[in-house]
Amino acid sequence: MDKPFAITLEIGTSRMNKTGSWRTERPVYRDLLPPCNQACPTGQNIQQWLYDAEDGGYEHAWRQIMADNPFPAVMGRVCYRPCETACNRGQLDEAVGINSVERFLGDEAIRQGWKPAEPAAATGKRVLVVGSGPAGLSAAYHLRLLGHAVTIFESAAAPGGMMRYGIPRYRLDRHALDAELQRILDLGVTLELNHRVTDLEAELREFDAVFLGAGAGIGKRAYLPAGDSSRVLDAVGVLHDMEGSERPELGRRVVVYGGGNTAMDAARTARRLGATDAVVVYRRTRERMPAHESEVSGAEAEGVTMKWLSTIAEAGDGTITVEKMRLDEKGYPQPTGEFEELAADSVVLALGQEADLSVLEGAAGVRAEDGVVEVGADLMTGRPGVFAGGDLIAGERTATTAIGHGKKAARAIDAWLRGSRYEPGPKHPVAQFGGLNTWYYSDAPATVRPQLDLARRTSTFDEIEHGLDESSALFEARRCLSCGNCFGCDNCFGVCPDNAVIKLDDGTYAIDYDYCKGCGICVAECPCGAIEMVPEES
């Protein structure tokens with residue numbers, strides 16, 4: 002006669018009772034795509050480098066950033082932070098200060114003199130990069146790391162493109178820009194300044210591939226009735242001349258015409274050049290202004306006046322005539338016939354920017370339409386071996402986007418030179434806020450970066466926003482919720498009633514399905530939503 006089931010168990014254990022046979026669902030560890038990673042135009046693994054920084058592994062965290070973005074100190078100052086807009090923590094209290102931590106790591110790397118990885122073995126291939134802005138420098142950096150010989154042709158007297166000639170010093174310290182730029186050149190990238198490409202076909206005979214990364218450095222013009230003595234300039238030219246030996250003279254009363262970030266930069270620069278009255282004239286409302294809110298509020302704090310629903314009808318000698326506008330039912334501004342006169346020593350046009358497409362002249366197969374170059378998904382133009390990115394192609398015109406284009410193009414160029422095609426891997430589903438168990442996270446308001454005193458801002462071009470100190474940067478990194486990815490909190494290991502969760506030597510976890518009943522407690526108690534229940538395999 003068989004023994005009763007109960008006495009078949011070993012003394013002091015229930016290992017004979019494989020309760021996993023009761024299960025209809027099983028828990029499975031998963032890796033999801035954090036929303037910050039998804040939103041980053043440079044494709045950074047943000048969650049990973051925040052995790053590295055949490056334990057003080059600053060150099061390792063910096064190297065993780067450098068795998069995608071060679072400008073952490075620069076982007077830590079000028080990026081408009083789409084990662085923070087997407088951050089799930091923003092629905093709990095405040096978004097993680099990702100950009101603040103990036104700047105801290107970038108500045109720390111400059112201070113410590115950290116160097117990027119050595120380039121791979123030489124491939125024997127030569128690549129030309131046209132333009133030393135964020136797109137061109139990013140492409141050059143990644144191509145050099147892949148082992149290719151890279152030469153940059155830059156038409157200006159100094160490298161950096163719109164980072165140098167379009168972003169004022171009060172937003173971007175030139176020491177940080179120069180340090181990160183020099184680090185790329187130290188990898189063995191050749192830079193030729195004052196070299197304008199006028200015959201792309203001739204250059205193609207000397208190189209195996211070309212990346213076109215020229216920025217949008219030409220200010221758009223508009224017909225503006227103006228008298229002979231009126232002074233009308235363009236914002237791009239004003240910002241460019243700030244890097245010269247002589248600063249532009251704008252006068253005491255300056256009107257800036259436009260509503261983008263460049264308009265804000267021009268108006269704030271005018272205040273620093275001594276303008277007592279800096280007025281931005283924009284034909285729509287604040288809500289429809291393309292400038293980022295932080296730029297608009299910063300300008301207002303510095304005494305810049307905003308004149309909404311207005312357009313410049315005429316510029317005269319020391320005055321301008323402004324016509325009031327109204328928005329129709331479709332949101333388009335319409336004239337009202339009401340006019341107002343404003344005092345103005347100069348008018349600065351900030352109506353958008355265009356890329357210089359003269360580099361394309363005579364290049365067979367490279368086509369442009371509506372001011373942008375046509376490219377495929379791999380950023381290659383209609384001419385094999387010629388790629389383009391940054392302001393030259395359709396898309397958002399920011400430094401961060403351009404850096405992402407440079408990385409993407411470098412990978413595509415590398416594959417093309419090797420006779421293949423670059424195919425990005427599949428992406429995990431995005432970790433949603435609803436999948437987190439947020440009761441495990443304590444309230445931790447974001448750390449605010451210190452700023453230059455308001456009273457001193459318009460008298461100097463010193464940086465307005467300062468970086469975080471080490472303790473604040475650590476605190477900010479530790480606010481990350483690790484959305485959708487295990488961070489080793491041991492919750493699942495501690496709460497499993499069947500001891501079915503096994504902690505492995507590398508700090509990860511496995512589930513012994515012989516004893517897991519599928520109760521789902523581990524899923525309910527996982528803070529970051531890194532475990533899910535799936536139907537049991539039949």
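Mapped onto the working numbering, the consecutive letters of the sequence shown carry residue numbers 2 to 539. Glycine residues also receive a C-beta, built at the ideal position from the N, C-alpha and C atoms. Just so we're clear, the structure is a prediction, and the values are computed from it rather than from any experiment.
According to DSSP, residue pairing for Gly-220 in a beta bridge involves Gln-354. Arg-90 sits close to Leu-482, with the two beta carbons spaced by under 8 Å. In chain order, Cys-37, Ala-40, Cys-41, Ile-47 and Ile-99 place their CB closer than 7 Å to the CB of Cys-84, counting only its own chain and leaving out the 5 sequence neighbours on each side.
Looking at Met-163, Lys-126 and Gly-137, the one whose alpha-carbon comes closest to that of Gly-148 is Lys-126. Of the candidates Ser-460, Ile-465 and Ala-87, Ser-460 places its Cα closest to the Cα of Gly-275. Contact between the segment 104–113 and the segment 485–500 is absent: fewer than three C-beta pairs spanning the two stretches fall below 8 Å. Distances from the CA of Gly-426 to each of Gly-44, Gly-245 and Ile-66 were compared; the closest alpha carbon is that of Gly-44. The segment 82–162 contains, as complete beta strand (DSSP E) runs of 3+ residues, the segments 127–131 and 150–154 (chain order). Counting of Cβ neighbours within 10 angstroms places Ala-292 among the buried residues, the total reaching 16 or more. If the five residues before and after Ala-531 are omitted, its C-beta is found closer than 7 Å to the C-beta atoms of Tyr-30, Arg-31, Gly-485, Asn-486 and Cys-487, all from its own chain and listed in chain order. The DSSP-derived three-state label of Val-211 is strand. According to DSSP, Leu-343 shares a beta bridge with Ile-321.
Taking the Cα positions, Pro-226 is about 36 Å away from Pro-160.
When DSSP states are grouped into helix, strand and coil, Glu-55 belongs to the helix group. By the beta-carbon neighbour count (other beta carbons within 10 angstroms, threshold 16), Lys-428 is exposed. The alpha carbon of Ala-314 has as its nearest neighbour, out of Thr-439, Met-290, Ser-133 and Val-348, the alpha carbon of Val-348.
Excluding sequence positions up to five before and after Val-373, its CB lies within less than 7 Å of the CB of Leu-393, Ile-394 and Ala-395, all in the same chain and listed in chain order.
If you draw a straight line from the Cα of Thr-191 to the Cα of Ile-153, it comes to about 6 Å. Of the residues assessed, His-176 falls on the exposed side of the cut-off, its CB having fewer than 16 other CB atoms within 10 angstroms. Taking C-beta atoms under 8 Å as the contact rule, Met-326 and Thr-312 qualify, at a distance of about 6 Å. Annotation: the continuous alpha helix (DSSP H) that includes Phe-476 extends over 471–478. About 6 Å separates the beta carbon of Gly-220 from that of Ala-236, a gap short enough to meet the 8 Å contact definition. Pro-169 sits away from Phe-72, with the two beta carbons spaced by 8 Å or more. Arg-78 has its alpha-carbon roughly 11 Å from the corresponding atom of Thr-401.
In this structure, DSSP gives Pro-430 a state outside helix and strand, which the three-state scheme calls coil. Within a 10 Å sphere around the beta-carbon of Ile-503 sit fewer than 16 other beta-carbons, which makes this residue exposed. Within the segment 445–530, the runs of beta strand (DSSP E) that reach at least 3 residues and sit entirely inside it are, in chain order, 502–504 and 510–512. Beta bridge pairing from DSSP links Val-281 with Val-257 and Met-307.
C-alpha of Asp-444 to C-alpha of Ile-321: approximately 52 Å in a straight line. Per DSSP, the beta-bridge partners of Gln-335 are Arg-327. For Asp-415, the uninterrupted alpha helix (DSSP H) run begins and ends at 400–418, by DSSP. Using a Cβ distance threshold of 8 Å, Val-280 and Val-256 count as a contacting pair.
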